[in-house]
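Chemist:
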Amino acid sequence: MLNFIVNPNALKGKQDKFLKKLEARLKEEGAEYRLFFSEKKGGIGKYARSLTEAGQKKIIAVGGDGTLNEVLANLHDPSQVELGLIPAGTGNDFAVAAKIPNGIAALDLILKGEAIETDYIECGNGVRSMNIAGLGMDVDILQRCAAKKRGGNKSKYFHSLLSSLAHYRGLKMQVTANGETKEYDAFIAFVSNGTQFGGGIPICPDAKIDDGLFNLVVIECPKRSKILFELIRLMRGKILTRPISHQLLCKEAKIVPVGEQLFESDGELFPVQGALEAKIVSGKLKMYRG
């Protein structure tokens, strides 16, 4: 039985057409399936949890990175699940690393392929991340977006970005990985399982989602006069060549920021609770992918 957990908000007015094509293809293949819909915050996770607690094995997320993140975070036991993804959101970053085509074309991997072992990140306190988790200016932007009551998502993000550029002062932190501890005044710090984030920024193009490692990246906060230029380099995927960037492969990392902070996991915000202690989980989840 294929269990599709659909985020209607991700389909943005294309729901009827999309679902018509989806069900036509499933019926053509003679597949047994069920569709579950949730527009409410937390609803997707409730379906993922209840289905896997009931022993359902094949769980398919229909949406973007946020939908996939909520499904992953609520799986009762990831080792007992074959996870699928139909990329249909505004941000489909992990799909690129997993070589999953957008839309209905992703069904081929589920109907004709086999689920393959795929890494994910465990961040503690039940938080899991498929793609990326970290702290810094991106969290500041997301917080500013959440505070805005008017405008569309793109408008909110653009104005929040401008505001963050004007006010962000960096984040002091202590980072431990591979037996070494260093202190930074960071622009952004994160662990990445995938190759890109932010809707297409190629931050770790050589990352692999099945090598039992993640990329730890710390970018030091540049001078105020240089922040915009370094941000442009980051968005073009060229920041890792800069002297302010530090990158290494590891299985575990601990990031201890100064003061109470939030971290983001695939676009969702969570309290740090002292430290972000991330580890890669390998060999515990199977996913339909390229």
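Count along the sequence shown from 1, add 7, and you get the number used in the numbering used here.
Here a beta-carbon is modelled for each residue, glycine too, at the ideal position from N, C-alpha and C.
1. Taking only the alpha-carbon atoms, compute the straight-line gap between N16 and R135 and give it to the nearest angstrom.
2. For P94, which option in T59, E259 and G71 has the closest C-alpha, if you only look at C-alpha atoms?
3. Determine the direct distance from the alpha carbon of D147 to that of S170, and round the result to whole angstroms.
4. What whole-angstrom Cβ distance do I12 and V69 have, given they're in contact under 8 Å?
5. Pull up the distance between the alpha-carbon of D100 and that of F44, whole angstroms please.
6. Can you grab the Cα-Cα spacing for the pair D218 / L29, in whole Å?
7. CB-CB under 7 Å to L256, same chain, minus the five flanking residues each way: which ones, in chain order?
8. Starting from Y127, follow its DSSP beta bridges and name the residues at the other end.
9. Beta strand (DSSP E) containing K182: first to last residue?
10. Quick check: the Cα distance between K163 and H174, rounded to an integer number of angstroms?
11. Please state the DSSP three-state secondary structure of L220.
12. If you drop the 5 nearest sequence neighbours on each side, which residues of the same chain put their C-beta closer than 6 Å to that of G244?
13. Kindly indicate which three-state DSSP category A61 falls into: helix, strand or coil?
14. So for S86, helix, strand or coil by DSSP?
15. How big is the Cα-Cα spacing for K19 and G96?
16. What whole-angstrom Cβ distance do V198 and A122 have, given they're in contact under 8 Å?
17. Per DSSP, what kind of secondary structure is G52 in: helix, strand or coil?
18. Could you pull the start and end residues of the beta strand (DSSP E) that I210 belongs to?
19. How many Å lie between E190 and E35 at the Cα?
20. With a floor of 4 residues, list each alpha helix (DSSP H) that falls wholly inside the region 223-297, ordered by position along the chain.
21. Within its chain, find whatever has a CB closer than 7 Å to the CB of F270; leave out the 5 residues flanking it on each side and keep chain order.
22. Roughly how far, in whole angstroms, is the beta-carbon of L235 from the beta-carbon of L172, given that I think they are within contact range, below 8 Å?
23. Suppose the cutoff is 7 Å on Cβ atoms and the five residues either side in sequence are ignored; what does the same chain contact list for L58 look like?
24. For the beta strand (DSSP E) containing G143, list its first residue and its last residue.
25. Do G297 and I107 have their CB atoms nearer than 8 Å?
26. Could you check the C-alpha separation between G133 and H83 for me, to the nearest Å?
27. By Cβ distance below 8 Å, which residues in the same chain neighbour A6 in space, the five residues on each side in sequence not counted?
Modeler: If we stick to the structure as given:
1. For the purposes of this step, residue 16 is taken as the residue at position 9 of the sequence shown. For the purposes of this step, residue 135 is taken as the residue at position 128 of the sequence shown. Each residue's Cα considered, the two are about 22 Å apart.
2. Taking the sequence shown and counting its residues from 1, one reaches residue 94 at position 87. If we check each option's Cα against that of P94, G71 comes out closest.
3. Walking along the sequence shown from the start, residue 170 turns up at place 163. Walking along the sequence shown from the start, residue 147 turns up at place 140. Between S170 and D147, the C-alpha separation is close to 9 Å.
4. By one-based count along the sequence shown, residue 12 stands at place 5. By one-based count along the sequence shown, residue 69 stands at place 62. Rounded, the Cβ-Cβ distance is 7 Å, consistent with contact.
5. Numbered from its first residue, the sequence shown carries residue 100 at position 93. Numbered from its first residue, the sequence shown carries residue 44 at position 37. Each residue's alpha carbon lies about 22 Å from the other.
6. Here residue 218 is taken as the residue at index 211 of the sequence shown, counted from 1. Here residue 29 is taken as the residue at index 22 of the sequence shown, counted from 1. Each residue's alpha carbon lies about 32 Å from the other.
7. In the sequence shown, counting from the first residue as 1, residue 256 sits at position 249. These residues qualify, in order along the chain: L220 and N222.
8. Position 120 of the sequence shown, counted from the first residue, corresponds to residue 127. Paired residues: V288.
9. Position 175 of the sequence shown holds residue 182. One point to set straight first is that residue 182 is Val, not Lys, in the sequence displayed. Looking at the DSSP string, the run of the beta strand (DSSP E) that includes V182 is L178 to A184.
10. In the sequence shown, counting from the first residue as 1, residue 163 sits at position 156. In the sequence shown, counting from the first residue as 1, residue 174 sits at position 167. Taking the straight line joining both Cα atoms gives about 16 Å.
11. Position 213 of the sequence shown holds residue 220. Three-state DSSP puts L220 in coil, outside helix and strand.
12. By one-based count along the sequence shown, residue 244 stands at place 237. These residues qualify, in order along the chain: P209.
13. Sequence index remark: in the sequence shown, residue 61 carries index 54 (1-based). Coil.
14. Position 79 of the sequence shown, counting from 1, holds the residue named residue 86. Three-state DSSP puts S86 in a helix.
15. Translated into the one-based positions of the sequence shown, residue 19 becomes position 12. Translated into the one-based positions of the sequence shown, residue 96 becomes position 89. C-alpha separation (whole angstroms): 9 Å.
16. One-based indexing of the sequence shown puts residue 198 at position 191. One-based indexing of the sequence shown puts residue 122 at position 115. V198 to A122, Cβ: 24 Å. No contact.
17. Along the sequence shown, one-based indexing puts residue 52 at 45. It is helical.
18. Locating residue 210 in the sequence shown gives position 203, where the first residue counts as 1. Here I210 belongs to no beta strand (DSSP E), and DSSP marks it neither H nor E.
19. Here residue 190 refers to the residue found at position 183 when the sequence shown is read from its first residue. Here residue 35 refers to the residue found at position 28 when the sequence shown is read from its first residue. Cα to Cα, the separation comes out at about 57 Å.
20. 234-242
21. Residue 270 sits at position 263 when you count from the first residue of the sequence shown. For F270, where only same-chain residues beyond five positions count, the Cβ hits under 7 Å are A140, G141, L142, V146, F277, V279 and L283.
22. In the sequence shown, counting from the first residue as 1, residue 235 sits at position 228. In the sequence shown, counting from the first residue as 1, residue 172 sits at position 165. That belief holds up - the Cβ atoms of L235 and L172 are roughly 6 Å apart, short of 8 Å.
23. Position 51 of the sequence shown, counted from the first residue, corresponds to residue 58. These residues qualify, in order along the chain: N10 and I66.
24. Against the sequence shown, residue 143 aligns to sequence position 136. First-last of the beta strand (DSSP E) with G143: I139 to G143.
25. Taking the first residue of the sequence shown as position 1, residue 297 is located at position 290. Taking the first residue of the sequence shown as position 1, residue 107 is located at position 100. Contact: yes.
26. Position 126 of the sequence shown, counted from the start, is the residue given in the question as residue 133. Position 76 of the sequence shown, counted from the start, is the residue given in the question as residue 83. Roughly 11 Å between the two C-alpha positions.
27. The requested residue 6 is not part of the displayed model; the chain covers only 8 to 297.
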